[in-house]
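Per mature numbering (1 follows the signal peptide of the UniProt record, and there is no 0), the sequence shown runs over residues -20 to -1, 1 to 266. Written below as structure tokens is the structure these notes are about.
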Amino acid sequence: MKHFKLVAHFIFLLSSVSVSVNIAAQTPSKDNSKTQKIIALTPHLVEMLYAIGAGDRIKGTVEYADYPESAKSIPRIGSYTGVQLEQIIAIDPDLIVASRGTNKEDDLRKLESLGYTMFYTEPKDISDISKDLLRLGDATDLQNNAKQLVEKLDKRYHKIVTRYQSSKPVKVFYQLWHDPLRTLGPKSWISSMIRDCNGRNIFNESDSDYPVVSMESVVMKNPDVIIIPHHSGSALGKQEIWDKWPEIHAVQHNRLFVIHGDILHRFTPRALDGLEQLCEAINSAR
């Protein structure tokens, strides 16, 4: 059960969003300076609200929303399995921020039917972080904070991408989970980050977003680098599975890299820290 929860947590963080609804199109116009009670239904939205100075307005959130440190004290009103509608109704929020494809569609429909102001994000790559920050700034009347942050993020992102765009392509295997061995397909957020580093996801042709793959298929594709996201506990077991496969280039040259999962999997300003570490790991094979 613990393993199932961890894999579900990874997928909860990484789920791509197919639909984005603009707050102005969803509800009548209102004075956003009065948006004082916010419920954030994903960990990444909690981080983004803190980043623009709206963290103190969050009155309810979900399991795993743990950054920054003060976010740990926010009351929990749900998890990746669903939200507790009674608690949300008791809070009576001015704004609910959520992510279609991550949060349960049935929960979102119920919240919409109750007349709450809803805000949805649609992050597919790092450039979308800036767009969502600006939209959150509009929704909370913190436009200046959002604009200043976005200017810094965009400059940093451009610098990272420019550094690697002409580099030699590197074959990458991203080990989302080790038992069963699971990775990511071409449409995933992480695959876009790998491309930013001029890396090549070796399962880029997969039709699945989170394919379970065989060790033999990884051996055949022979990655130059293996990336292992890590959240808590020991990452040793996730690495030891490769000891039996010294013919893989990444294993031969000791290019197995453990990177904290939160800075890779969350669609927040910290993703640039994750991108830098990811690119440095990939660049080691050049």
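Beta carbons: idealized from backbone N, C-alpha and C, even for Gly.
By the DSSP assignment, the alpha helix (DSSP H) with residue i in it spans what residues?
| i | result |
| --- | --- |
| Lys39 | Lys39 -> not in any alpha helix (DSSP H); beta strand (DSSP E) instead, spanning Ile38 to Gly40. |
| Val130 | Gln123 to Tyr144 |
| Arg246 | First-last for Arg246: undefined, no H or E at that position. |
| Leu75 | Not the alpha helix (DSSP H): Leu75 falls in the beta strand (DSSP E), residues Leu75 to Ala78. |
Indicate whether residue i and residue j have their beta-carbon atoms separated by less than 8 Å.
| i | j | result |
| --- | --- | --- |
| Tyr44 | Glu27 | no |
| Thr41 | Thr82 | no |
| Leu75 | Thr97 | yes |
| Ile228 | Pro209 | no |
| His158 | Ile239 | no |
| Val205 | Phe237 | yes |
| Ala34 | Ile18 | yes |
| Phe183 | His24 | no |
| Pro226 | Gln219 | no |
For a test of the three-state rule: what should DSSP assign to residue i, helix, strand or coil?
| i | result |
| --- | --- |
| His240 | strand |
| Trp225 | coil |
| Ala230 | helix |
| Val205 | strand |
Looking only at its own chain, which residues have a Cβ that is under 6 Å from the Cβ of residue i, when we skip the five neighbours before and after it?
| i | result |
| --- | --- |
| Gly179 | Val150, Val152 and Ile262 |
| Val141 | Asp176 |
| His(-18) | Per-residue confidence for His(-18) stands at a pLDDT of 49, beneath the threshold of 50, marking its modelled position as unreliable; the derived number appears in the next sentence. Closer than 6 Å at Cβ, skipping near neighbours: no residue. |
| Thr101 | Ser79 and Asp112 |
| Pro55 | Gly40 |
| Ala126 | Ile32, Leu113, Leu114 and Gly117 |
For residue i, which residues of its own chain have a beta-carbon under 8 Å away from its beta-carbon, when the five flanking residues on both sides are left out?
| i | result |
| --- | --- |
| Ser194 | Leu161 |
| Leu252 | Ile106, Leu133, Arg136, Tyr137 and Ile140 |
| Met173 | Asp105, Ile106, Leu244, Ala251, Gly254, Leu255 and Leu258 |
| Gln64 | Ile57 and Gly58 |
| Val130 | Ser110, Leu113 and Leu114 |
Looking at the secondary structure, which residues open and close the beta strand (DSSP E) in which residue i lies?
| i | result |
| --- | --- |
| Tyr30 | Counting along the chain, Tyr30 falls outside any beta strand (DSSP E), though it belongs to the alpha helix (DSSP H) covering Pro23 to Ala31. |
| Arg180 | Gly179 to Asn181 |
Whose C-beta lies closer than 7 Å to the C-beta of residue i among residues of the same chain, with five residues either side of it excluded?
| i | result |
| --- | --- |
| Ser59 | Val42 and Glu43 |
| Ile71 | Lys17, Ile19, Lys39 and Gly40 |
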